[in-house]
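K.L.:
Numbering-wise (this note's numbering), the sequence shown opens with residue 152 and increments by one. A single structure is presented below for examination.
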Amino acid sequence: MRHLRKKELVLLMAQALLLSLFLCACGRTEEETEDPGLLLGFSQIGSESAWRIGNTRDIEEQAENYGISLMLENANQKQENQIAAIRRFIAYKVDVIAFSPIVEEGWDNVLEEAREAGIPVILVDRDISTDKEGLITCLIGADFYNEGKMAGEYLVRKADRLGLEHLNIVEITGTANSTPMLQRQAGFFDAIAGDERMTVLESIDGDFLKSRGAECMRYLLDTYGDSIDVVYSHNDEMTLGALPEIEKAGVNPGSDLIIISIDGGQEAIDVLKQGKINCVVECTPKLGRSLMETVLKLENGEQVEPLIHPTEQIFSDEQNTSLIAPRGY
Ligand code: GZL
Numbered sequence: 152m153r154h155l156r157k158k159e160l161v162l163l164m165a166q167a168l169l170l171s172l173f174l175c176a177c178g179r180t181e182e183e184t185e186d187p188g189l190l191l192g193f194s195q196i197g198s199e200s201a202w203r204i205g206n207t208r209d210i211e212e213q214a215e216n217y218g219i220s221l222m223l224e225n226a227n228q229k230q231e232n233q234i235a236a237i238r239r240f241i242a243y244k245v246d247v248i249a250f251s252p253i254v255e256e257g258w259d260n261v262l263e264e265a266r267e268a269g270i271p272v273i274l275v276d277r278d279i280s281t282d283k284e285g286l287i288t289c290l291i292g293a294d295f296y297n298e299g300k301m302a303g304e305y306l307v308r309k310a311d312r313l314g315l316e317h318l319n320i321v322e323i324t325g326t327a328n329s330t331p332m333l334q335r336q337a338g339f340f341d342a343i344a345g346d347e348r349m350t351v352l353e354s355i356d357g358d359f360l361k362s363r364g365a366e367c368m369r370y371l372l373d374t375y376g377d378s379i380d381v382v383y384s385h386n387d388e389m390t391l392g393a394l395p396e397i398e399k400a401g402v403n404p405g406s407d408l409i410i411i412s413i414d415g416g417q418e419a420i421d422v423l424k425q426g427k428i429n430c431v432v433e434c435t436p437k438l439g440r441s442l443m444e445t446v447l448k449l450e451n452g453e454q455v456e457p458l459i460h461p462t463e464q465i466f467s468d469e470q471n472t473s474l475i476a477p478r479g480y
């Protein structure tokens, strides 16, 4: 037998190792299915905000607490990455799939594949739009419409309290066609509808990103100057990006301008306490416990609620903000 040179032997061993790794990656091996333990596949949108990072951390912690194995994939803000991750979860035969859909459209095909594979799918945080029945087991996420409504109702109370006769509003929205963007806008607009003091000058897409929040605010200040009275921003990240632009323009946020934000992360609450933000509507990222309890119910064949909303509050200059407890995200 020809003596294999050392290099060829090493190459052969490497190929054998790669092959065994590939076979493992194709699905759970026999011994795993003997004592599988519950395996949850989760596709996370990305790491675009303190909210999202807190949401990921909470899901990981709660999976640990409930003894559920977690395959969590970060899609880096791309829907195609979420779809690919869900297909990998199906191939790996996870017990349950959960994901936070970056936008509402475009999920029917991959969710029909999950249904054909007999894998239940839970929506976390955001919703999808579909005409098809039975693709989703339940949605665990905030009532974004109510968050927008609370923001609008705060502004009406503020105008009443200060005796303001006219308010020009600019809106920096979250990711276009995402559930929080659509519903936070609808709730806010419904809350101020019919109030002749309120005029929305423009709504502009900040994509929930700090950098875009700054760009949007620069554009709005250049376009409308000191005619702006209110900034309504769909998340803290964009608000925190906008504030330095407002101050660079020589305007005092929180006093010259009314600033309304949503999420309730620690950084925004600290700025609220400094008086540079007037109102922060809470949107808790702590959905992990509800998710794991739902996964266990599905595993035990129990009925689950189709819609689980966390309770949420509002923080504003109407209260003693020094009493707001640490936020944890
Ligand atoms: C809301 C969540 C939003 C947050 C943003 O539940 O989908 O996405 O408000 C995050 O901070 O980017």
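Beta carbons: idealized from backbone N, C-alpha and C, even for Gly.
Given this structure, state the Cα-to-Cα distance separating THR288 from GLU304, to the nearest angstrom.
P.N.:
For the purposes of this step, residue 288 is taken as residue 137 along the sequence shown, with counting starting at 1. For the purposes of this step, residue 304 is taken as residue 153 along the sequence shown, with counting starting at 1. Straight-line Cα distance between these residues: approximately 33 Å.
K.L.:
SER198: buried (16+ other C-beta within 10 angstroms of its C-beta) or exposed?
P.N.:
Numbered from its first residue, the sequence shown carries residue 198 at position 47. Exposed: under 16 other Cβ atoms inside 10 Å.
K.L.:
What residue range does the alpha helix (DSSP H) around SER441 cover?
P.N.:
Taking the first residue of the sequence shown as position 1, residue 441 is located at position 290. Unbroken alpha helix (DSSP H) run through SER441: 439-450.
K.L.:
What is the rounded straight-line gap between the Cα of VAL321 and the Cα of VAL455?
P.N.:
Indexing the sequence shown from 1 puts residue 321 at position 170. Indexing the sequence shown from 1 puts residue 455 at position 304. So the two alpha carbons sit approximately 40 Å from each other.
K.L.:
Quick one: what does DSSP say ASN429 is sitting in, helix, strand or coil?
P.N.:
As a working note, residue 429 is residue 278 in the sequence shown. ASN429 falls in the coil class under three-state DSSP.
K.L.:
Mind checking whether VAL402 and MET301 have CB atoms under 8 Å apart?
P.N.:
Stepping through the sequence shown from its first residue, residue 402 is reached at position 251. Stepping through the sequence shown from its first residue, residue 301 is reached at position 150. Their beta carbons are not under 8 Å apart, which means VAL402 does not touch MET301 by this criterion.
K.L.:
Along the chain, which unbroken stretches of the alpha helix (DSSP H) at least 4 residues long are found entirely within the stretch 313-381?
P.N.:
Whole alpha helix (DSSP H) segments, 4+ residues: 330-343, 361-375.
K.L.:
What span of residues does the beta strand (DSSP E) with ASN206 cover, start to end?
P.N.:
Taking the first residue of the sequence shown as position 1, residue 206 is located at position 55. Not the beta strand (DSSP E): ASN206 falls in the alpha helix (DSSP H), residues 201-217.
K.L.:
Can we count ASN386 as close to ligand 1, meaning its CB is less than 7 Å from some heavy atom?
P.N.:
Here residue 386 refers to the residue found at position 235 when the sequence shown is read from its first residue. Under cutoff, so the answer is yes.
K.L.:
Mind checking ASP276: buried by the 16 CB within 10 Å criterion, or exposed?
P.N.:
Position 125 of the sequence shown, counted from the start, is the residue given in the question as residue 276. Answer is buried; the Cβ neighbour count reaches 16.
K.L.:
Residues in the same chain with beta-carbon distance under 6 Å from GLN464, minus the five sequence neighbours each way, listed in chain order, please.
P.N.:
The residue given as residue 464 occupies position 313 in the sequence shown. Contacts found: GLU433.
K.L.:
Based on the DSSP secondary-structure assignment, which residues constitute the bridge partners of CYS289?
P.N.:
On the sequence shown, position 138 is the one that residue 289 refers to. BP columns for CYS289 point to ILE273.
K.L.:
Express the C-alpha separation of ARG203 and ILE241 in angstroms, rounding to a whole number.
P.N.:
Position 90 of the sequence shown, counted from the start, is the residue given in the question as residue 241. Position 52 of the sequence shown, counted from the start, is the residue given in the question as residue 203. Cα-Cα distance, rounded: 24 Å.
K.L.:
Which of the three DSSP states is assigned to GLN233 in this structure?
P.N.:
Translated into the one-based positions of the sequence shown, residue 233 becomes position 82. The answer is helix: DSSP assigns GLN233 an H, G or I state.
K.L.:
Can you tell me which of SER473, ARG478, PHE466 puts its alpha carbon nearest to the alpha carbon of LEU306?
P.N.:
Taking the sequence shown and counting its residues from 1, the one referred to as residue 306 is at position 155. Among SER473, ARG478, PHE466, the Cα nearest to that of LEU306 belongs to PHE466.
K.L.:
Please list the terminal residues of the continuous alpha helix (DSSP H) segment that includes GLN417.
P.N.:
Position 266 of the sequence shown holds residue 417. Run containing GLN417: 417-424, per the alpha helix (DSSP H) assignment.
K.L.:
Reducing DSSP to helix, strand and coil, say where VAL455 ends up.
P.N.:
To locate residue 455, count along the sequence shown from 1; it is residue 304. Three-state result, VAL455: coil.
K.L.:
Consider the C-beta atom of PHE202 and the heavy atoms of ligand 1; say whether any pair is separated by less than 7 Å.
P.N.:
The count along the sequence shown starts at 1 and reaches residue 202 at position 51. The identity of residue 202 in the sequence shown is Trp, whereas the question assumes Phe. Checking every heavy atom of ligand 1 against the Cβ of TRP202, one is found closer than 7 Å.
K.L.:
With a threshold of 6 Å on Cβ separation, who are the neighbours of MET368 within its own chain once the five nearest residues in sequence on each side are excluded?
P.N.:
Within the sequence shown, numbered from 1, the residue matching residue 368 stands at position 217. The residues are ALA393, GLU396.
K.L.:
Relative to the C-alpha of ALA337, which candidate in PHE250, LEU313, TYR296, SER362 has its C-alpha closest?
P.N.:
Numbered from 1 along the sequence shown, position 186 holds the residue referred to as residue 337. Of the listed residues, the one whose Cα sits closest to ALA337 is TYR296.
K.L.:
May I ask you to report which of helix, strand or coil DSSP gives ALA249?
P.N.:
Position 98 of the sequence shown, counting from 1, holds the residue named residue 249. Of the three classes helix, strand and coil, the one that applies to ALA249 here is strand, per DSSP.
K.L.:
I need the DSSP call for PRO404, collapsed to helix, strand or coil.
P.N.:
Taking the first residue of the sequence shown as position 1, residue 404 is located at position 253. PRO404 falls in the strand class under three-state DSSP.
K.L.:
Give every residue of the same chain whose Cβ lies closer than 7 Å to the Cβ of GLU298, excluding the five residues on either side of it in the sequence, and list them in chain order.
P.N.:
On the sequence shown, position 147 is the one that residue 298 refers to. So the list reads ARG335, GLY338, ILE413, VAL432, CYS434, GLU463, once near-sequence residues are dropped.
K.L.:
Taking just the CA atoms, how far does VAL254 sit from GLY192?
P.N.:
As a first step, residue 192 is located in the sequence shown; it is residue number 41 there, counting from the start. As a first step, residue 254 is located in the sequence shown; it is residue number 103 there, counting from the start. Using only the alpha carbons, I get a separation of about 19 Å.
K.L.:
In three-state terms, what does DSSP make of SER198?
P.N.:
By 1-based counting over the sequence shown, the position of residue 198 is 47. SER198: coil per DSSP, three-state reduction.
K.L.:
Apart from the five residues just before and just after THR350, which ones in its own chain have a Cβ nearer than 8 Å to its Cβ?
P.N.:
Position 199 of the sequence shown, counted from the start, is the residue given in the question as residue 350. Correct list, in chain order: HIS317, LEU318, ASN319, ILE320.
K.L.:
Can you tell which of PRO271, ILE237, PRO457 has the C-alpha that lies nearest to the C-alpha of ILE196?
P.N.:
Walking along the sequence shown from the start, residue 196 turns up at place 45. Comparing Cα positions, the closest option is ILE237.
K.L.:
Less than 7 Å between the CB of GLU433 and some heavy atom of ligand 1, yes or no?
P.N.:
By 1-based counting over the sequence shown, the position of residue 433 is 282. Flag unset: Cβ of GLU433 not near ligand 1.
K.L.:
To the nearest angstrom, how far is the alpha carbon of ALA176 from that of TYR243?
P.N.:
Taking the sequence shown and counting its residues from 1, the one referred to as residue 176 is at position 25. Taking the sequence shown and counting its residues from 1, the one referred to as residue 243 is at position 92. Low per-residue confidence applies at ALA176: pLDDT is 47, beneath 50, and the placement is therefore not dependable enough to give any value.
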